[in-house]
Each structure stands twice: as structure tokens, then as C-alpha cells.
Amino acid sequence: MKTLGYGRHSVGEDDIAAVIEVLRGDFLTQGPQVEAFEAEFAARVGAAHAVAVSNATAALHLAMLVAEIGPGDRVVTSPLTFLASANAAAYVGATVDFCDIDPVHYNLDAALLERQWLPDTKAVVAVAYAGQACEMPKIAAVARQRGALVIEDACHGVGGGFWHEGREWQLGGHPWADMTTFSFHPVKTMTTGEGGMLVTQDAELARRARLLRSHGVTRELSLHQDWPSDDPLHEKGSWYYEMQALGYNFRLSDVQSALGRSQLRKLDGWILRRRDIVARYQHAFAELGWLRCPALREERDRSLISWHLYSVAMDFAALGRTRVEVMQQLRELGVGTQVLYIPVHLQPWYRRQYGYGPGKCPQAEALYASLLSLPLFPAMENEDVERVIAAVHSLAPRS
Ligand SMILES: *Cc1c(COP(=O)(O)O)cnc(C)c1O
25 MKTLGYGRHS VGEDDIAAVI EVLRGDFLTQ GPQVEAFEAE FAARVGAAHA VAVSNATAAL
85 HLAMLVAEIG PGDRVVTSPL TFLASANAAA YVGATVDFCD IDPVHYNLDA ALLERQWLPD
145 TKAVVAVAYA GQACEMPKIA AVARQRGALV IEDACHGVGG GFWHEGREWQ LGGHPWADMT
205 TFSFHPVKTM TTGEGGMLVT QDAELARRAR LLRSHGVTRE LSLHQDWPSD DPLHEKGSWY
265 YEMQALGYNF RLSDVQSALG RSQLRKLDGW ILRRRDIVAR YQHAFAELGW LRCPALREER
325 DRSLISWHLY SVAMDFAALG RTRVEVMQQL RELGVGTQVL YIPVHLQPWY RRQYGYGPGK
385 CPQAEALYAS LLSLPLFPAM ENEDVERVIA AVHSLAPRS
């Protein structure tokens with residue numbers, strides 16, 4: 025029996041053909057596929073500008089750079105996230121801080137964010153855990169009143185949305201984030217192998233992100249400086265390029281972008297399948313006293329969320345087994361599981377660097393003790409879903 029992982033990419037013959045076509049062509053990188061992918065992705069999520077990058081960690085790093093965040097600035101994020109949401113702020117020398125999660129929907133507690141606000145806070149990284157959007161209008165109100173930016177980490181929620189004031193908004197396509205990041209790592213909902221996207225409604229932020237993505241160099245004539253006639257840079261021929269800022273190589277290739285475009289065409293179907301699997305799980309697990317299903321912040325978001333993870337909270341004490349034992353038992357039944365995530369403030373580097381430790385974010389720490397992510401990916405057959413459900417039910421303590 026094949027073990028189901030907690031996630032798995034879907035790469036089909038159409039994807040493979042799209043990649044091969046680029047491999048036979050003239051541009052492996054910096055060609056037309058990148059721009060086409062950016063345009064199609066921006067249109068899909070409702071963003072004005074999309075900047076393709078080598079991974080979402082680079083997208084978050086770029087967001088910090090274009091926001092001009094640095095030493096002396098504080099950046100607040102959720103402890104229940106992948107390391108990169110926090111690390112990006114540390115890369116630019118900012119102080120990384122954590123605001124605890126709401127115990128119901130597992131995202132940043134916006135009221136707590138406001139109560140704990142410190143005046144040196146320059147940005148909030150709002151992580152859409154599992155794909156469910158944060159309370160973006162509230163977070164934006166808190167941050168913007170105090171002169172801080174909002175960066176939405178939507179790495180889990182590509183193609184998803186949320187309700188606010190009578191209409192649907194999309195992650196990356198609403199006015200309550202200054203920038204939004206997406207990941208195309210293979211465990212995420214669509215993949216380019218490695219890859220990411222930074223989207224924004226702001227043309228100036230996008231322009232700076234493009235510049236810094238590729239060494240801070242621009243070949244665009246209209247952006248070049250005028251030099252006096254006796255300066256060596258006065259002569260501007262076809263070779264001419266100008267480094268205007270200290271940038272990086274955060275580029276996505278044409279090969280990867282072709283895969284991204286092909287994957288994007290299938291995104292909507294995948295989201296529907298993921299939502300269907302989540303609905304089956306929610307129904308099957310609703311009555312279990314020792315398992316808490318993911319809860320929605322807004323009931324109307326049920327038909328809009330793009331689910332990346334299906335993370336439940338299990339009462340291991342009530343089951344009379346440790347998490348290690350439960351994971352082993354599920355594995356023997358062909359069901360792979362994962363723990364996402366270890367609260368970031370508890371990582372050794374964060375303890376050493378900032379003196380953080382247990383007790384800083386009690387809700388995230390309590391959740392961590394019970395967290396388990398079950399298999400969720402679009403290629404799961406109905407019998408795979410049934411297998412997971414039966415395996416979870418088989419954990420029940422015998423009465
Ligand atoms: C995966 C992930 C990232 C980093 O994405 P990469 O493309 O692997 O760099 C950042 N934030 C969150 C929430 C993620 O899940």
C-alpha cells in the first residue's frame with residue numbers, strides 16, 4: 025500500500041510538454057515566459073502588478089527591501105508559520121517579533137496585535153495559515169493608522185479569497201495589503217519546482233521589486249541618469265546598463281515560468297478538489313470529541329478558501345498515545361502526516377537572537393502540542409480520502 029503524504033504536487037503531460045517546448049527554444053531564462061506568467065498570474069489574483077521570483081522567501085525578502093525596512097524597525101508576524109515569514113525581516117536587520125494567533129482560526133489575533141503594538145513597528149507580515157485569509161481589513165486599519173505596511177504571506181492560499189462587506193476579495197487582489205507573496209514550492213497548491221511571486225497594486229513598489237530582483241540593474245533608457253559629457257558613462261549605446269541599487273539574483277527562469285503558466289490553467293480545478301476533500305473531512309470528523317477540525321473565521325469563506333493544509337488539533341492525552349505513536353499508527357495504515365509548524369519564536373536562533381521562549385505566544389504553543397496535518401492534495405482519489413477517514417477513526421480510544 026502506497027503511503028499518502030500530507031501533500032503532493034500534480035505534474036501532468038501538459039506541464040511536461042510546456043517545459044520541453046521552452047527547453048527547445050532560445051530563452052531558458054529572462055525570456056518571454058516570465059512576463060507572460062506574471063501577467064496571467066496578476067490577472068488571476070486580481071493584482072495590478074506581479075513580480076516572479078526564485079522562491080517565496082526571496083519574495084518576502086524583496087518586500088522588506090522595497091518597504092525600506094532595516095535596523096531599528098520592528099516587523100511583527102505570526103508564530104504559526106514557515107520560518108521564511110519571519111526570517112525575511114531578520115535578513116534586512118529588523119527586529120522580528122511575534123503576535124499570538126487566534127485560537128479559533130489560527131491566524132494573527134488582530135485585537136492582540138493592536139493591544140501589543142510597539143511604536144517602532146514598521147510592517148506586519150500577515151500569514152494566511154492553511155489558506156484561510158487573515159482579518160485583513162482590521163490588520164490594515166491597525167497598521168496603517170500607525171504608519172506601518174502590511175505584507176500578506178499568502179503562500180498557502182494561492183487563488184483563494186474571502187468575504188468582506190458584501191463581496192468577495194482575493195488574496196493578493198484586495199486593498200488591505202501593500203504586497204502579497206505566493207510560493208510555488210512543490211508542497212504548495214501549484215508549483216514551478218522552486219518559485220514565488222510578489223504582487224502589489226502599487227506601481228512604484230513593483231518597479232523597485234523588479235529592479236532589486238536582478239542586481240538593481242536597469243536597461244530601460246528612460247530610467248537612466250543623465251551624465252555630464254565628460255563622464256565616462258555619458259556614452260549610452262546598446263550595451264549600456266545601470267546599477268541603481270544593491271540588488272540580488274532573485275529571478276525565476278523561463279523554464280519554471282512555462283511550468284507555472286501550465287499549472288495556473290489547472291489551479292481552479294485543484295482548489296475545488298481540495299475544498300471537496302476538506303468538506304468530506306469536516307463532515308467525517310465533526311463528532312469526534314478528541315479531534316478539533318479547522319474552524320472558519322467567516323462562514324461565508326467556506327466556498328472561497330484555497331486550502332493548502334488540513335490541520336487538526338488532536339487530544340493525544342485522551343487517545344492515550346503520544347503524537348509520535350499516533351503518527352506511526354497512521355503511517356502503518358498508509359496515511360502520512362506532518363506537524364506544521366513548530367512556533368517560530370521557539371526556534372533556537374530566535375531564542376538566542378531575541379531572548380524569546382515558551383510563554384511568549386501561549387495560543388500558538390498550546391495549538392502546537394495538538395497539531396497534526398492530514399493528507400490533502402488534488403490527486404487524492406475518493407478511496408484515499410476514505411482511507412484517511414477510516415485511519416483517523418481507528419485511533420478512537422476503546423470505551
Ligand atoms: C512555503 C512558505 C514560504 C516560503 O516559500 P519558498 O517558496 O519555499 O521560499 C513562506 N511562507 C509560508 C507561509 C510558506 O508556507
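Counting the sequence shown from 1 gives a position; our numbering is that position plus 24.
A virtual CB, placed ideally from N, CA and C, is assigned to each residue, including glycine.
Asked: Proximity below 7 Å, CB of Phe274 to CB of Gly31; Found: no
Asked: Buried versus exposed, by CB contacts within 10 Å (16 or more), Gly196; Found: buried
Asked: Straight-line Cα distance separating Pro199 from Glu176; Found: 11 Å
Asked: Counterpart residues of Leu28 in DSSP-defined beta bridges; Found: Val359
Asked: Any non-hydrogen atom of ligand 1 closer than 6 Å to Ser277 Cβ; Found: no
Asked: Beta-carbon contacts of Ala230 that lie in its chain and below 7 Å, excluding the five residues immediately before and after; Found: His73, Val75 and Thr224
Asked: Residue of Pro256, Ala113 and Val182 minimising C-alpha distance to Ala152; Found: Val182
Asked: Check whether Leu370 and Glu192 have beta carbons under 7 Å apart; Found: no
Asked: Rounded C-alpha distance that separates Trp187 from Asp121; Found: 28 Å
Asked: Alpha helix (DSSP H) segment containing Arg298, residue limits; Found: Leu291 to Phe309
Asked: Ala71 versus Gly96 - alpha carbon distance; Found: 31 Å
Asked: Cβ shell of Thr81 (< 6 Å), same chain only, five flanking positions each side left out; Found: Ala108
Asked: Span of the alpha helix (DSSP H), counted from its first residue to its last, around Met88; Found: Ala80 to Val90
Asked: Phe208 in three-state terms, based on DSSP; Found: coil
Asked: Span separating the alpha-carbon of Pro161 from that of Glu138; Found: 13 Å
Asked: Among Glu311, Leu320 and Tyr380, the one whose alpha carbon lies nearest that of His417; Found: Glu311
Asked: Outcome for Met404 when other beta-carbon atoms lying within 10 angstroms are tallied against a minimum of 16; Found: buried
Asked: Nonlocal neighbours in the same chain, by C-beta distance under 8 Å from Arg355, ignoring five residues either side; Found: Thr27 and Thr361
Asked: Where the alpha helix (DSSP H) through His417 begins and ends; Found: Asn406 to His417
Asked: Neighbourhood of Leu222 by C-beta, 7 Å cutoff - its chain only, sequence neighbours within 5 removed; Found: Val75, Val77, Ala83, Leu86, Ala87, Met203, Thr205 and Ala233
Asked: For Gly173, the residue or residues it bridges with in DSSP; Found: Correcting the residue identity first, residue 173 is Leu in this sequence and not Gly. Answer is Ala147, bridged to Leu173.
Asked: Residue of Val116, Ser246 and Ser34 minimising C-alpha distance to Ala147; Found: Val116
Asked: Contact check, Gly219 vs Gln280, beta carbons under 7 Å; Found: yes
Asked: Residue span of the beta strand (DSSP E) that contains Gly220, given as start and end; Found: Gly220 to Thr224
Asked: Residues of its chain near His180, where Cβ-Cβ distance is below 6 Å and the 5 sequence neighbours each way are ignored; Found: Ala152, Ala154, Gly155 and His332
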